[in-house]
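Structure first, then comments.
In this note's numbering, the protein residues as written are 1319 to 1687.
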């Protein structure tokens, strides 16, 4: 009798074929594997392009970060044999994840209509930039720009600014994973096409309230840099030995922060209209003190504030919070990214990303991906 898993595995017994690359699709497959699905990642002979990106002696950090818990299978879709192999896999699968360009899918006979005709039982999740009717190439940063986020996220001088952490890819993978999981677990669903665009994901998760405001005819303010767009003061402020982020935008916070920094008593609309002046009130105080002094003063007052730290420092603090935070170390020194939630204190156990054409690796061992 098998020992019950300490974490939820509602997708156990479900097989997912992952025909994806880089981040959005692989993230979706990774999350499905976390909850018990058998995920078979199809790759060309050269491997997913992310295998070629920078890493360490253990292989590409990018590939290893988003491909835990999977089996890798090399399939040459340019050959009749490869296409027949794909058809056999889909016939025996429960779901397909795909983030290849729509035009490529049509050439391969893997567009939604063709797939539904041949495999009506499949949950088919297609991730694209602009929709399956649009063949334009898209990637995270393009979606950030085309959606309006890069402008809204711009610097105070109006220069557009993209996030370098691929938020559209991550959110696309998250939406794709739970949409796929819900379709697989719904007893009333027998085969469906889930059509996701990165543009809509950017609207939902990055524009957020701004999308609603624009649709309802409101004007969006100019780029605000590190400031909050809806209240002031807030932002990143220089200290004697570094930087801190302080949020004093709500009246309750400004009432506590104002006497500490020697600021003016003003209502929120005036603070927002004169954000430059209120930022200067705060920074004239922070510049005189160390980061730790500033945090020590603001913390007991319940004023939201945090140090701007370098990643190595941030990761060290995350790992100190609770066991396994950030990544789990293997005996070889390789690290496997951790699932960031605990279930009654238990963390989802992830196996390292597979070697090209190989099965999932045992967490007690390690070899380059």
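Think of the CB as a built atom: it goes at the ideal place given N, C-alpha and C, for glycine as much as any other residue.
Check for me: the alpha helix (DSSP H) holding residue i runs from which residue to which?
i, result
"residue 1532", "1527-1533"
"residue 1463", "1458-1464"
"residue 1509", "Where residue 1509 is concerned, there is no enclosing alpha helix (DSSP H), given that its DSSP letter is neither H nor E."
"residue 1611", "1609-1616"
"residue 1277", "One cannot answer for residue 1277 here, as it falls past the ends of the chain, which runs 1319 to 1687."
"residue 1570", "1569-1579"
"residue 1405", "1398-1409"
"residue 1468", "1467-1470"
"residue 1433", "1430-1436"
Could you give the DSSP three-state label for residue i: helix, strand or coil?
i, result
"residue 1374", "strand"
"residue 1683", "Low local confidence applies: a pLDDT of 47 at residue 1683 is under 50, so the model's placement there is unreliable, and no value is given."
"residue 1353", "coil"
"residue 1338", "coil"
"residue 1622", "coil"
"residue 1418", "coil"
"residue 1553", "strand"
"residue 1441", "strand"
"residue 1677", "coil"
"residue 1595", "helix"
"residue 1388", "strand"
"residue 1327", "coil"
"residue 1360", "strand"
"residue 1413", "strand"
"residue 1333", "strand"
"residue 1542", "coil"
"residue 1481", "coil"
"residue 1322", "coil"
"residue 1394", "coil"
"residue 1498", "helix"
"residue 1587", "helix"
How about residue i: is its Cβ closer than 7 Å to a heavy atom in the ligand GTP?
i, result
"residue 1426", "You won't find the ligand GTP in this model; it holds no ligand whatsoever."
Mind checking residue i: buried by the 16 CB within 10 Å criterion, or exposed?
i, result
"residue 1503", "exposed"
"residue 1388", "buried"
"residue 1500", "exposed"
"residue 1473", "exposed"
"residue 1335", "buried"
"residue 1498", "buried"
"residue 1454", "exposed"
"residue 1515", "buried"
"residue 1330", "exposed"
"residue 1462", "buried"
"residue 1580", "exposed"
"residue 1684", "Interpretation of residue 1684 is limited by its pLDDT of 43, a score under 50 that renders its predicted location unreliable; no figure is taken from the coordinates."
"residue 1534", "exposed"
"residue 1456", "buried"
"residue 1370", "exposed"
"residue 1482", "exposed"
"residue 1383", "buried"
"residue 1530", "exposed"
"residue 1680", "exposed"
"residue 1668", "buried"
"residue 1322", "exposed"
Check this for me: beta carbons of residue i and residue j, under 8 Å apart or not?
i, j, result
"residue 1337", "residue 1360", "yes"
"residue 1671", "residue 1385", "yes"
"residue 1605", "residue 1511", "no"
"residue 1413", "residue 1443", "yes"
"residue 1362", "residue 1661", "no"
"residue 1626", "residue 1560", "yes"
"residue 1556", "residue 1601", "yes"
"residue 1494", "residue 1445", "yes"
"residue 1674", "residue 1390", "yes"
"residue 1393", "residue 1404", "yes"
"residue 1642", "residue 1656", "yes"
Please tell me whether residue i has its Cβ less than 8 Å away from any Cβ of chain B.
i, result
"residue 1624", "The question asks about chain B, but that chain is absent: this structure has only one protein chain."
Any idea which residues DSSP pairs residue i with across the strands?
i, result
"residue 1665", "1660"
"residue 1486", "Looking at the DSSP assignment, residue 1486 forms no beta bridge with any residue, so it has no partner."
"residue 1562", "1555, 1625"
"residue 1655", "1645"
"residue 1446", "1515"
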